[in-house]
Amino acid sequence: MINNVLDKLSSSRPARKLAVVVLCTVFIAQLLTLLPLLYTRYHQNVNALIDQERSNLQRFVRYSDQDTLDNTQSLINSAMVGLLLTDTGGNPVITQGELPEFESLASAADQKSKNRRGSIDVLWFLESNRGRVLATARIDTSELSSKSLYFSLLTVLASLIISVIAGFVTLRGTNRAYIYPVANLTDSLRESRETSQGRVPETIEYTDTEDLNGLADEFNNLIEAQQRAARQVKVKQQYLEFAAHHDPLTHLPNRLMFEDKLKRTVADAVENNEPFVVFLVDLDNFKFFNDQYGHLVGDKMVAEIGNRLHTMMRDIDLVARLDGDEFVVIQKSIADRESAEEIARRVMNIATAPYEYRGFTLKAAVSVGISCFPNDVHTGHDEEMMGEEIVNNAAVALQEAKSNGKNQYQLFNEKMRSRLTARIRLETDLKVALQEGQFEVYYQPKVNINTRQVTGAEALVRWKHPTKGFISPEVFVPVAEEAGLIIELGEWILRTACKETRKLQQLGFSTLNIAVNISTVQFTDGNLLPMVSKALTDTKLPPEFLELEITESAVMHDPEEVINSLHELSRFGLGLAIDDFGTGYSSLAYLKRFPVHTLKIDRAFITDISSDNDDVAIVEAVLGLGKHFNMKVVAEGVEDEDQLEFLQSQGCDIAQGYFISKPMPVAMYLAWLRKWPQGVQGVDDPENVVSLHNAEQKKFGT
Ligand code: C2E
Ligand code: MG
Ligand code: MG
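For the sequence shown, the residue numbers in this note's numbering are 23 to 724.
Put into structure tokens, the structure is as follows:
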């Protein structure tokens, strides 16, 4: 506090000045009042002393007889230090001590004269029994003088103390009433400037000093405005914070928050040895909902399921939305797998409860993948890896539930773990295969059903694993897609297919075209067109001989985006085909907007064409669509003459399948082309053509 005061002392010059003025004024005022009083009092005391000495002497003179009135008796005391008594005749009667001197005795009255040596000489006319006696005496006033001086000094000192106190009180008062409030205002202002968007200072309290309240008012208004602004900033920050961690559609925590929560849940679980369960909940056939009812309804559906999940779970659990139609739930303290299954059943029940929206009664179904901590993870791993593992395991279980027919739950188990391990191994082997060139492109010819002439082939990749032999693309392509390896692999396939087809064209099959499968990953990569264009330039294959096959499910994944990419590719002069048509819930509304030249009917519909009326209907419908939209229709998986004849009777353009040929390496393809009885469309005499290029054929090993 002292420091504070000193601080203020040094900082406030006006207050200091005022205090000094008060101090001096009070001091001088006291001196001016007290010193005259002391002076008067001193003179009164001196007079009183003289009077007392006179009356003592008078008494002595009056009551003494002639005999006693002599020098023998000492009349000198501490006050009267000299005495001369003379009778009326002027004769000295008593002479004692220092004798005072009077220059004249002109007056017959008492006289007094100040002496330089701190004493006063007096002349008294006294009455004695022998008549009038003249007494001259010297009265010592030095004791009175020193007493008086002493009191004067005390008075000055006391005045000084009182003045200092007055000055100090003035200083404090000024500080409290003026300096501190002003300093507070300044501090607050400074702080508000420094904290800017951050913490805003409190409004100040009103001062005792009326005239400062106006200033305080103005200042408080400023601060309140800033507080309001800061509150808005805070609300905005809270909103941004919320938006960063929540999904805008369902208002549930998003992936970011889920990952954070998962990390903490694993850490807690490890520390307290506490089990927990992760459920991955995915809507079944959500795409169908979107296509059938539109995206708005699809969104409402997702929001509704999210809300139901959130309501069902306890506060300590977490429900988050990971992706489009995928939710994740973390349930803490679930003791056993049975309880987890019970919860999964409840999740499925609440998800399937009908949902009314704008006259639609929607009924969703979900699949649930479940993974339990600590049973399903390697507990020796670090926490981050365990978190990743438990979610991956739940995803594997979910995948299992989906491939087992959806609308069910699956708990992660050992079988899945070994499949997962195998998958990881496959991924590793794929990387090696890419480096070591273990892949080969096979060609499966396509023929014009009416003329039976070859139009071209579909390029199908083959992987010859050094120990496991041939591995089906249906097994490794999805893994390559997930691992991102399909970009590199796909480019290699495309370049090889273009290069070898170009070679075949140069051998004389100048009209042969080639269809290359393009994975969704390549399609959404953003680099497809430059990659294709470079491959065509490098291999010199004209674009019109290349057809890209994109599966129907890939096309419908994000139709608007796909339409743009397809248009770009189409403008480039490439052919575009929708592969496996009929399996991917195509929206006909989109179909007419796709710049697609070919529909490939999935082989599942061709296989049972002679026995299954539904398949017949589907094939007829696809052919009808193709005609309507002016697209060629290719039937995949034609295995016998009956199928081919049926397709011909229905007006299908092109067939592909084991009945014509299995996929084969390029050398065999060349040999096959040469032998195919109906020849190659647009090529007059294949045998002739091929024989012209015997040297070239050797390159293919035939
Ligand atoms: P897809 O594009 O629909 O290819 C047709 C598949 O049907 C090929 O299987 C082919 O061998 C098979 N197939 C053709 N005719 C018949 C038949 O008469 N009967 C039977 N049962 N099957 C027939 P493959 O080569 O095993 O390829 C399977 C799938 O793997 C392909 O389906 C395609 O989606 C994918 N794939 C194959 N090669 C590539 C590739 O180079 N790139 C990409 N991205 N995917 C590829
Ligand atoms: Mg294909
Ligand atoms: Mg296909």
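Think of the CB as a built atom: it goes at the ideal place given N, C-alpha and C, for glycine as much as any other residue.
Tyr-377 sits in a strand when the DSSP states are folded into three classes. In the structure shown, Asp-580 falls within a coil segment according to DSSP collapsed to helix, strand and coil.
DSSP links Asp-304 through a beta bridge to Glu-348 and Ser-389. The nearest non-hydrogen atom of ligand 3 is less than 7 Å from the C-beta of Lys-622. DSSP places Tyr-691 inside the alpha helix (DSSP H), whose first and last residues are 688-697. With a cutoff of 8 Å on beta-carbon distance, Pro-552 and His-589 are scored as not near each other. Per DSSP, the beta-bridge partners of His-268 are Pro-275.
The alpha-carbon of Ser-494 is positioned some 10 Å away from that of Leu-482. When only Cα atoms are considered, Gly-153 and Thr-110 end up about 7 Å apart. Under the rule that a run must span 4 or more residues, the alpha helix (DSSP H) segments found entirely inside the region 506-584 read 508-528, 542-546, 550-561 and 574-579. Less than 8 Å separates the beta-carbon of Gln-475 from that of Gln-700. By the C-beta density criterion, Arg-84 is exposed, having fewer than 16 other C-beta atoms within 10 angstroms. Judged by DSSP in its simplified three-state form, Tyr-202 adopts helix.
Secondary structure of Asp-162 (DSSP, three-state): strand. Boundaries of the alpha helix (DSSP H) harbouring Lys-424: 405-425, taken from the DSSP string. Gly-597 is bridged by DSSP to Glu-569.
Sequence-distant partners of Leu-182 (beyond 5 residues in either direction) whose C-beta falls short of 7 Å from its own C-beta, in its chain, are Phe-49. Checking the 7 Å criterion, the Cβ of Asn-539 is within range of a heavy atom belonging to ligand 2.
Of all alpha-carbon atoms in Leu-507, Gln-544, Arg-524 and Gly-648, the one lying nearest the alpha-carbon of Gln-457 is that of Leu-507.
Judged by beta-carbon spacing, Glu-422 lies within the 8 Å limit of Met-438, meaning their Cβ atoms are closer than that value.
When rounded, the separation of the alpha-carbon atoms in Cys-674 and Ala-643 is 11 Å. At a threshold of 7 Å, Asp-636 does not count as near ligand 3, since its beta carbon sits no closer than that to any of the ligand's heavy atoms. Asp-304 has its alpha-carbon roughly 28 Å from the corresponding atom of Val-292. When rounded, the separation of the alpha-carbon atoms in Gly-346 and Gln-314 is 16 Å. Of the heavy atoms belonging to ligand 1, at least one sits nearer than 7 Å to the Cβ of Val-660. Across the structure, Ile-245 and Val-204 are spaced so that their CA atoms are roughly 15 Å apart. Counted as a single uninterrupted DSSP element, the stretch harbouring His-487 is not any alpha helix (DSSP H) but the beta strand (DSSP E) occupying residues 476-487. In this structure, Glu-411 is the residue among Arg-447, Gln-248, Glu-411 and Glu-123 with its C-alpha nearest to the C-alpha of Phe-434.
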